[in-house]
Amino acid sequence: MNSAAATAPCLVFGEALVDDFSTEQVVGGAPFNVARHLAAFMAPQLLVTRIGNDAAGQAVRAEFERFAMSEAGLQLDAMEETGRVLVERSARAHRFTILPNQAYDFIDRDTALTVVEAAQPGIVYFGTLAQRNERSRTALNALLGATGALRYLDLNLREGQYEERTVTRSLQAANIAKVNEEELQVLFKSYFQIKPDDPALSAEEVRASCQALLQMFSLDALILTLGHRGSAYFSADGQVVTHRDNPAPPFVIDTVGAGDAFSAIFLLGKMRGWELDVTLGRANEFAGAICAIPGAVPRDLGFYDQWMRKWR
Ligand SMILES: Nc1ncnc2c1ncn2[C@@H]1O[C@H](COP(=O)(O)OP(=O)(O)O)[C@@H](O)[C@H]1O
Ligand SMILES: [Mg+2]
Numbered sequence: 001m002n003s004a005a006a007t008a009p010c011l012v013f014g015e016a017l018v019d020d021f022s023t024e025q026v027v028g029g030a031p032f033n034v035a036r037h038l039a040a041f042m043a044p045q046l047l048v049t050r051i052g053n054d055a056a057g058q059a060v061r062a063e064f065e066r067f068a069m070s071e072a073g074l075q076l077d078a079m080e081e082t083g084r085v086l087v088e089r090s091a092r093a094h095r096f097t098i099l100p101n102q103a104y105d106f107i108d109r110d111t112a113l114t115v116v117e118a119a120q121p122g123i124v125y126f127g128t129l130a131q132r133n134e135r136s137r138t139a140l141n142a143l144l145g146a147t148g149a150l151r152y153l154d155l156n157l158r159e160g161q162y163e164e165r166t167v168t169r170s171l172q173a174a175n176i177a178k179v180n181e182e183e184l185q186v187l188f189k190s191y192f193q194i195k196p197d198d199p200a201l202s203a204e205e206v207r208a209s210c211q212a213l214l215q216m217f218s219l220d221a222l223i224l225t226l227g228h229r230g231s232a233y234f235s236a237d238g239q240v241v242t243h244r245d246n247p248a249p250p251f252v253i254d255t256v257g258a259g260d261a262f263s264a265i266f267l268l269g270k271m272r273g274w275e276l277d278v279t280l281g282r283a284n285e286f287a288g289a290i291c292a293i294p295g296a297v298p299r300d301l302g303f304y305d306q307w308m309r310k311w312r
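Counting in UniProt numbering, the sequence shown runs from 1 upward without gaps.
Structural data, given as structure tokens:
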């Protein structure tokens, strides 16, 4: 058996949805973006999600097919609609309306448990959006309770879509948490009463606060992504690994899905046993390249070839 065949899968839990631009529909959802990248790199993965019996659900399934992903974790809901986010384009910034009560809010616990028991994942990826309703939150908690897998949380806070309690419990459940700068501000505000308009923290204060978060939630690591400035990895033993000098993308079209791309390659590195430093460098470089294509996931699968060759 080769090592790829022996790798336990990464179970990805959460929303598969459609970003509805009215002129076009783009399949997304952070977990689905992560799962598709992993699938493109031939890493064993399993997306646990729920869709409805509608056109958006067909679009999601077409992506499962395009990426040759297993549908073992794909639940079908006869009543609820496939997740949709309404996007209004404007010259300055897009406006997003995340619709409530979507099929991904109703992920069934027992079906999810059967899948996790059969799959024996080595890693579980989760976020917070698919925990906004009790039904899917319950399924996630049951699933986490049924496995000893490494737990990777990409907090991915969406305004109005999470409760502080869920953030706290998610951090408690995680081994590794990834946040962007805005999300770190939210954590500092909730747990240390540091407000965004307080005087800026020095680098040393940020570092100490991140160490405090690591301890507070017994995390192995906290990953802070910093947009075009790269990322910082804080580990429980006090180590900080920063990546600032990745090759910049030639141009930036949009940064949609940059964090998901980063997470996918971080998880790929874990699965493949890459050195931490190598993993972080690759995650940054790949996430940067995703900023140079429209959207979170390439339309042409040929996009992945260069990376596979480079990282072989
Ligand atoms: N403008 C950019 N130029 C180059 N790389 C970027 C840019 N924006 C994001 N990235 C890459 O994507 C990663 C995640 O982006 P970030 O915006 O921090 O996360 P999120 O998408 O979760 O908000 C960064 O660590 C970096 O590697
Ligand atoms: Mg994010």
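Beta carbons: idealized from backbone N, C-alpha and C, even for Gly.
Query, Result
"Below 7 Å between beta carbons: does that hold for A283 and F262?", "yes"
"For the alpha helix (DSSP H) containing D77, name the first residue and the last one.", "Here D77 belongs to no alpha helix (DSSP H); instead the beta strand (DSSP E) covers L74 to D77."
"Between which two residues does the beta strand (DSSP E) harbouring T242 extend?", "V240 to H243"
"Can G288 be considered in contact with ligand 2, in the sense that its beta carbon sits closer than 6 Å to one or more heavy atoms?", "no"
"Applying the 10 Å Cβ sphere with the 16-neighbour rule, what's the burial state of I253?", "exposed"
"Tell me P20's beta-bridge partners as DSSP assigns them.", "Residue 20 is actually Asp in this sequence, not Pro. The partner list for D20 (beta bridge, DSSP) reads Q25 and L86."
"Which same chain residues, not among the five before or five after A112, have their C-beta less than 6 Å away from its C-beta?", "V48, A139 and L143"
"Do you know how far the Cα of S209 is from the Cα of L11?", "30 Å"
"Is N156 near ligand 2, going by C-beta to nearest heavy atom under 6 Å?", "yes"
"Among the residues of its own chain, which have a CB less than 7 Å from the CB of A5, if the five just before and after it don't count?", "With a pLDDT of only 49 at A5, under the threshold of 50, the placement of this residue in the model should not be trusted; the figure read from the coordinates follows. Excluding positions up to five away in sequence, the list is empty."
"Which one of E88, A55, T128 and R36 has the shortest CA to CA distance from R299?", "R36"
"Whole angstroms are fine: how far does the CA of P9 sit from the CA of N2?", "Confidence at N2 is low in this model, with a pLDDT of 48, below 50, so its placement is unreliable and the value that follows should be read with caution. Rounded to whole angstroms, N2 to P9 spans 15 Å at the Cα level."
"Following the continuous alpha helix (DSSP H) through K178, name the residue where it begins and the one where it ends.", "That residue, K178, is in no alpha helix (DSSP H); its beta strand (DSSP E) goes I176 to N180."
"Spell out a yes or no on whether the region 175-191 and the region 149-159 are touching, meaning 3 or more CB-CB pairs, one atom from each, closer than 8 Å.", "yes"
"In its own chain, which residues sit with a C-beta less than 7 Å from the C-beta of F67, not counting the 5 before and 5 after it?", "R36, A39 and A40"
"Go ahead and pull the three-state DSSP assignment for S190.", "helix"
"What does the alpha-carbon distance come out to for the pair A119 and S70?", "11 Å"
"Leaving out five residues on either side along the sequence, give the residues of the same chain with a beta carbon under 8 Å from the beta carbon of D77.", "R50, I51, G52, N53, A103 and F106"
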